[in-house]
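J.: Take the sequence shown: its letter number 484 is residue 484 in the UniProt record's numbering, and every next letter is one higher. I'd like to ask you about the structure that follows.
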Amino acid sequence: MAPNYFPQSFSLSSLALTAAFLSLLYLLHRRATKDRIVPAGLPWIGLRDERFATTRLHLRDVFAAPAHLKEGYEKYCKIGKAFISPNITFRPVIILPPTHFRWLIAQPDDVLSIAEVLKDAVQFHYTSPSSWTFTRPFHVEALNKMPLDRMTPDIIDEIATSIDSLWGLDTSSWQRVPISTMNTAICRITNRVFVGAALSRNPTYITYQTAFVNTIALSAGVINNAIPKLLHPLLGPLVALPCRYYDYRCSRYIVPLIEHHLRACAAAQTAAVPTYDEPRDMLQFFARYAVRSADPADRNARSICSRLLSLNFVGIHTSTMTMVNALLDILSPAGVGRDCWGEIRREAVGVLRAHGGVWSKAAVNQLVKNDSVFRESLRFSPFKLKGVDREVVARKGVVLPDGTYLPKGTRVALPTYGVHFDERFYKDPMTFDPWRFVGVEGAGMIAAGETFLGFGLGRHACPGRFFSAHELKLLLAYIALNYDIQPLEERYANNEFSDFSVPRDIELTIKRRKQSAHLDDD
Ligand code: HEM
1 MAPNYFPQSF SLSSLALTAA FLSLLYLLHR RATKDRIVPA GLPWIGLRDE RFATTRLHLR
61 DVFAAPAHLK EGYEKYCKIG KAFISPNITF RPVIILPPTH FRWLIAQPDD VLSIAEVLKD
121 AVQFHYTSPS SWTFTRPFHV EALNKMPLDR MTPDIIDEIA TSIDSLWGLD TSSWQRVPIS
181 TMNTAICRIT NRVFVGAALS RNPTYITYQT AFVNTIALSA GVINNAIPKL LHPLLGPLVA
241 LPCRYYDYRC SRYIVPLIEH HLRACAAAQT AAVPTYDEPR DMLQFFARYA VRSADPADRN
301 ARSICSRLLS LNFVGIHTST MTMVNALLDI LSPAGVGRDC WGEIRREAVG VLRAHGGVWS
361 KAAVNQLVKN DSVFRESLRF SPFKLKGVDR EVVARKGVVL PDGTYLPKGT RVALPTYGVH
421 FDERFYKDPM TFDPWRFVGV EGAGMIAAGE TFLGFGLGRH ACPGRFFSAH ELKLLLAYIA
481 LNYDIQPLEE RYANNEFSDF SVPRDIELTI KRRKQSAHLD DD
């Protein structure tokens, strides 16, 4: 009798189930790899000779991205060559060397697109469809031209109110506060500037707004990384339900305000004598742009509201991480060794006294040490290790300066991490030197350039950086003037995940000063 190789319990149905499971795995693998456009002739970084080599490389990259990017930069970028970097999304990204940067920023948007990357990264189609139903991206122009001088009194008022309530006013004893309180403060300051005092102090609105900002990132992450593309139309709307709900709840507060501002702007436009006040918040500013547009789609209050919420999302996370990284760097042994906290406080005292105790844009512009610390921290502790991501959208693809052909759909990016630690661009790059940029022509915090990619590069460089730099410098100055902080034992390492480097939530030991340092006797 022929031997029975199958255990008794191993029935035909379990065999069929196993086969179905394996087929499903194979199909998912095929779907996951469908978008892998891999241009010919470029080297991979980190690829091993093994089965399912690229799939395993993409998975390994979740924790090995910094090592991959460093190795690729040293091996290829430094000799002017591009390389292929793996990615958690299973879409490889072509990392361009500094010699190709000028070529990249010279490409028009219908060849290399940032919009495609953003839409995909945030899965706007599911998470916030209304934020893309506009014809003109006037929010970018509005961000570039924000009337920061006029907004400064509100910004400093919101900084003082939020920090005082989050960190307390006890001048007698040291307190422990989570560094993540910066997130709440920046959320409040941003909202004060975006939607005005009434809403920024409304706890219910702030709860919904914070929930939106947090769930949109989570939903997009799940859709992008945990659901095969094939299932996006089915599961995308379900996963995005929470952030769509919070978007809706916020809109109940914001839309009536926008409609009010749109009516007021339209009336002022037709009045013989304009009656409308100069805008003090972004909603008013947006309304001005909207009424000037010839396209009614630009005046859709729901779309303007979702656009504003998406800007909140982009701006609050980035500004929070920049502030937290800066505090960690300043209070680390490297920052303490250069008396960073003391210097920032002395500078703030001098500038504030020189301006009669009142902050203005001109006063903030004189905070050169404060400015240098932020730029150095963005260089030394970037929260995104590769950046300036673009997608090839030209139907016929595009050719790199070295002759490499990139088909439509290829993703390209620049090696932020490599450039920021390249000894050809920075002396002693592994050292945090807070005063590195003081007095250096063209090296202010917001100056985007080929050797500093913290805010991107070219015409799409971050339009929110003018506001963010202003807000962060005022926030740091306020804290330095009003609080003592104990140094940290070490520069706590950030959590690294894929090409993200996110600071950890640690506790700071702080004590309120009896009065702002600019009022002290010398
Ligand atoms: C320190 C804080 C910030 C950092 C480090 C930062 C960084 C960046 C980076 C690296 C880019 C990509 C640029 C490129 O690919 O060339 C970007 C784009 C962008 N940022 Fe920021 N950002 C910050 C704050 C803000 C704020 C506060 C806002 C708005 C309120 C904002 C709005 C935007 C927008 C709308 C874009 C897309 C620009 C476009 O599509 O042309 N950012 N930002």
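The beta-carbon is built from N, C-alpha and C at its ideal position, and this holds for glycine as well. Model, not experiment: these values are computed from the prediction.
1) Rounded to whole angstroms, what is the Cα-Cα separation between Arg-504 and Val-255?
2) For Ser-130, which beta-bridge partners are listed by DSSP?
3) Take the Cβ of Val-358 as the centre, count every other Cβ of all protein chains shown within 10 Å, and call the residue buried at 16 or more, exposed below.
4) Taking the alpha-carbon of Leu-327 as reference, which of Asp-120, Met-182, Pro-43, Met-445 has the nearest alpha-carbon?
5) Does the region 317-337 touch the region 183-191, meaning 3 or more C-beta pairs lie closer than 8 Å?
6) Take His-460 and list the residues in its own chain whose beta-carbon comes closer than 6 Å to its own, dropping the five residues that flank it on each side.
7) Hey, would you say the C-beta of Thr-207 is under 7 Å away from at least one heavy atom of the ligand HEM?
8) Specify the secondary structure class of Leu-112 as computed by DSSP and reduced to three states.
9) Have a look at Phe-374, Ala-67, Ser-85 and flag the residue whose alpha-carbon is nearest the alpha-carbon of Trp-44.
10) Looking at the ligand HEM, does it come within less than 7 Å of Arg-125, judged from the CB to the closest heavy atom?
11) CB-CB under 6 Å to Phe-380, same chain, minus the five flanking residues each way: which ones, in chain order?
12) Looking at the structure shown, is Ile-206 part of a helix, part of a strand, or coil, going by DSSP?
13) Alpha carbons only, please: which of Trp-132, Thr-54, Ser-498 is nearest the one belonging to Lys-386?
14) Check each candidate in Thr-318, Ala-19, Gly-418, Cys-243 and name the one with the smallest Cα separation from Thr-190.
15) If you drop the 5 nearest sequence neighbours on each side, which residues of the same chain put their C-beta closer than 6 Å to that of Ser-310?
16) Grab me the residues of Gly-41's own chain with a C-beta within less than 6 Å of its C-beta, minus the 5 sequence neighbours each way, in chain order.
17) Taking its Cβ as the centre, do 16 or more other Cβ atoms sit within 10 Å of Glu-507, making it buried, or is it exposed?
18) Under 8 Å by Cβ, that's how I've got Tyr-306 and Arg-136 pegged, so tell me the actual separation to the nearest angstrom.
19) Assign Pro-3 to one of two classes, buried (16 or more other C-beta atoms within 10 Å of its C-beta) or exposed (fewer than that).
20) Quick one: what's got a C-beta closer than 8 Å to Ala-363's C-beta in the same chain, skipping five residues either side?
21) Exposed or buried, what is Pro-178 when buried is set at 16 or more other beta-carbons lying within 10 Å of its beta-carbon?
22) On the three-state DSSP scale, how would you describe Lys-473?
23) Use the C-beta contact count for Ile-79: other C-beta atoms within 10 angstroms, 16 or more gives buried, fewer gives exposed.
24) State the start and end residues of the unbroken beta strand (DSSP E) segment that holds Lys-511.
25) Would you identify the three-state DSSP class for Phe-452, choosing helix, strand or coil?
26) Using a Cβ-Cβ cutoff of less than 7 Å, which residues in the same chain neighbour Leu-148 once the five nearest sequence positions on both sides are dropped?
27) Looking only at its own chain, which residues have a Cβ that is under 7 Å from the Cβ of Tyr-492, when we skip the five neighbours before and after it?
28) May I ask which residues mark the beginning and end of the beta strand (DSSP E) holding Tyr-483?
29) Please classify Pro-92: is it buried, with 16 or more other beta-carbons within 10 angstroms of its beta-carbon, or exposed?
30) Tell me the rounded alpha-carbon separation between Ala-477 and Leu-331.
T.: Taking the structure as given:
1) Your numbering for residue 504 matches position 504 in the sequence shown. Your numbering for residue 255 matches position 255 in the sequence shown. Their backbone Cα atoms lie some 36 Å apart in a straight line.
2) For the purposes of this step, residue 130 is identified with residue 130 of the sequence shown, where counting begins at 1. DSSP output for Ser-130 lists no bridge partner at all.
3) In the sequence shown, counting from the first residue as 1, residue 358 sits at position 358. Looking at its Cβ environment, which holds fewer than 16 other Cβ atoms inside 10 Å, Val-358 is exposed.
4) Working through the sequence shown from its first residue, we reach residue 327 at position 327. Checked all of Asp-120, Met-182, Pro-43, Met-445; the closest Cα to Leu-327 is Met-182.
5) yes
6) Counting from one through the sequence shown, the residue named residue 460 turns up at place 460. Excluding positions up to five away in sequence, the list reads Ile-114.
7) On the sequence shown, residue 207 is found 207 positions in, with the first residue counted as 1. Flag unset: Cβ of Thr-207 not near the ligand HEM.
8) By one-based count along the sequence shown, residue 112 stands at place 112. The answer is strand: DSSP assigns Leu-112 an E or B state.
9) The residue given as residue 44 occupies position 44 in the sequence shown. Of Phe-374, Ala-67, Ser-85, the residue nearest in Cα terms is Ser-85.
10) Position 125 of the sequence shown, counted from the first residue, corresponds to residue 125. Note on residue identity: the sequence assigns His, not Arg, to residue 125. Incorrect: His-125 has no Cβ contact closer than 7 Å to the ligand HEM.
11) If you number the sequence shown from 1, residue 380 lands on position 380. Within the same chain, Phe-380 has close Cβ partners Phe-432.
12) Reading the sequence shown from its first residue, position 206 is the one you call residue 206. Three-state DSSP puts Ile-206 in a helix.
13) Taking the sequence shown and counting its residues from 1, the one referred to as residue 386 is at position 386. Ranking the options by Cα distance to Lys-386, first place goes to Ser-498.
14) On the sequence shown, position 190 is the one that residue 190 refers to. Considering only alpha carbons, the answer is Thr-318.
15) Against the sequence shown, residue 310 aligns to sequence position 310. Ser-128, Ser-131, listed in sequence order.
16) Position 41 of the sequence shown, counted from the first residue, corresponds to residue 41. Only Thr-404 meet the Cβ criterion.
17) Along the sequence shown, one-based indexing puts residue 507 at 507. Exposed, by the Cβ-count rule.
18) Within the sequence shown, the letter at position 306 stands for residue 306. Within the sequence shown, the letter at position 136 stands for residue 136. At residue 306 the sequence reads Ser, which differs from the Tyr that was named. Not really, about 15 Å apart at Cβ, beyond 8 Å.
19) As a working note, residue 3 is residue 3 in the sequence shown. With a pLDDT of only 46 at Pro-3, under 50, the local geometry of the prediction cannot be trusted, and the value read off the model is given with reservation. So Pro-3 ends up on the exposed side.
20) Position 363 of the sequence shown, counted from the start, is the residue given in the question as residue 363. Around Ala-363: Val-351, Leu-352, Ala-354, His-355.
21) Walking along the sequence shown from the start, residue 178 turns up at place 178. Counting Cβ neighbours within 10 Å, Pro-178 comes out exposed, since fewer than 16 surround it.
22) Within the sequence shown, numbered from 1, the residue matching residue 473 stands at position 473. In this structure, Lys-473 counts as helix in the three-state DSSP scheme.
23) Counted from its first residue, the sequence shown places residue 79 at position 79. By the 10 Å Cβ count, Ile-79 comes out exposed.
24) Here residue 511 corresponds to residue number 511 of the sequence shown, with the count starting at 1. Here the beta strand (DSSP E) through Lys-511 covers 507-512.
25) Counted from its first residue, the sequence shown places residue 452 at position 452. Strand.
26) Counting from 1 along the sequence shown, the entry for residue 148 is found at position 148. Cβ within range, chain order: Lys-361, Phe-466, Phe-467, His-470.
27) Within the sequence shown, the letter at position 492 stands for residue 492. Excluding positions up to five away in sequence, the list reads Leu-328, Arg-504, Ile-506.
28) For the purposes of this step, residue 483 is taken as the residue at position 483 of the sequence shown. 483-485 is the span of the beta strand (DSSP E), which, as asked, contains Tyr-483.
29) Looking up residue 92 in the sequence shown gives position 92. Classification of Pro-92: buried, given that the 10 Å Cβ count is 16 or more.
30) As a position in the sequence shown, residue 477 is number 477, starting the count at 1. As a position in the sequence shown, residue 331 is number 331, starting the count at 1. Distance between the alpha carbons of Ala-477 and Leu-331 is about 15 Å.
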